[in-house]
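Start counting the sequence shown at 743; every next residue gets the next number (the working numbering). Here's the structure, in structure tokens; my notes come after.
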Amino acid sequence: QVQLVESGGGLVQPGGSLSLSCAASGFIFSMYTIAWYRQAPGKQRELVASITTGGSSNYADSVKGRFTISRDNAEKTVYLRMNSLKPDDTAVYYCNAVHYYTTDHYWGQGTQITVSS
743 QVQLVESGGG LVQPGGSLSL SCAASGFIFS MYTIAWYRQA PGKQRELVAS ITTGGSSNYA
803 DSVKGRFTIS RDNAEKTVYL RMNSLKPDDT AVYYCNAVHY YTTDHYWGQG TQITVSS
């Protein structure tokens, strides 16, 4: 059974930091590009960051320099380190896995991040 399980969400003050984890199971993790998306109330889901099978990363302009994505293939886990958080970062954050060749994809259930004083 394929699973992507996000954890680490919560409430944080502006300027604070959080780390998200996405634990995968049920598929060959190392063959998938993993990405974090987010969706704020009333807005479309948007790409936050992604990391390829080779470890190359990509970031939305809005989070460059503040967020860092990384992966541990042995642990089948992807991390998102978020620094200097802003209220605009408030959203549900989703983990997504896409096969590098077939484009088969999976989604996690999401985890809420709220940035507020």
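Where a beta carbon is used, it is the ideal one built from N, C-alpha and C, also for glycine.
Residues of its chain near residue i, where Cβ-Cβ distance is below 7 Å and the 5 sequence neighbours each way are ignored
| i | result |
| --- | --- |
| P756 | L827, K828, P829, V857 and S859 |
| L753 | T856 and S858 |
| L789 | A777, Y779 and A802 |
| G850 | L746, V747, E748, C764, Y836 and C837 |
Chain-order list of residues whose beta-carbon lies under 8 Å from that of residue i (same chain, five-residue window excluded)
| i | result |
| --- | --- |
| G768 | Q743, V744 and Q745 |
| G772 | The sequence given here has Ser at residue 772, not Gly. Around S772: T795 and N815. |
Candidates the options: closest to residue i by CA position
| i | options | result |
| --- | --- | --- |
| P783 | A816, V790, N825 and Y835 | Y835 |
| A833 | Q781, Q851, G752 and E788 | Q781 |
| R813 | V754, S761, Q854 and K806 | S761 |
| N825 | V747, G758 and V754 | G758 |
| I793 | L822, D831 and D803 | L822 |
| T853 | I770, D831 and H847 | D831 |
| Y843 | S804, Y774 and R787 | Y774 |
Same chain, Cβ closer than 6 Å to residue i, five either side skipped, listed in chain order
| i | result |
| --- | --- |
| S749 | S763 |
| V820 | C764, I776 and R813 |
| A791 | W778, Y801, F809 and I811 |
| Y751 | According to the sequence displayed, residue 751 carries Gly and not Tyr. Closer than 6 Å at Cβ, skipping near neighbours: T853, Q854 and I855. |
| S799 | I793 and I811 |
Boundaries of the beta strand (DSSP E) in which residue i is found, first to last residue
| i | result |
| --- | --- |
| G752 | G752 to V754 |
| R808 | That residue, R808, is in no beta strand (DSSP E); it is neither H nor E in DSSP. |
| R780 | Y774 to Q781 |
| C799 | One point to set straight first is that residue 799 is Ser, not Cys, in the sequence displayed. Looking at the DSSP string, the run of the beta strand (DSSP E) that includes S799 is S799 to Y801. |
| E748 | Q745 to S749 |
| N838 | A833 to H841 |
| A791 | E788 to I793 |
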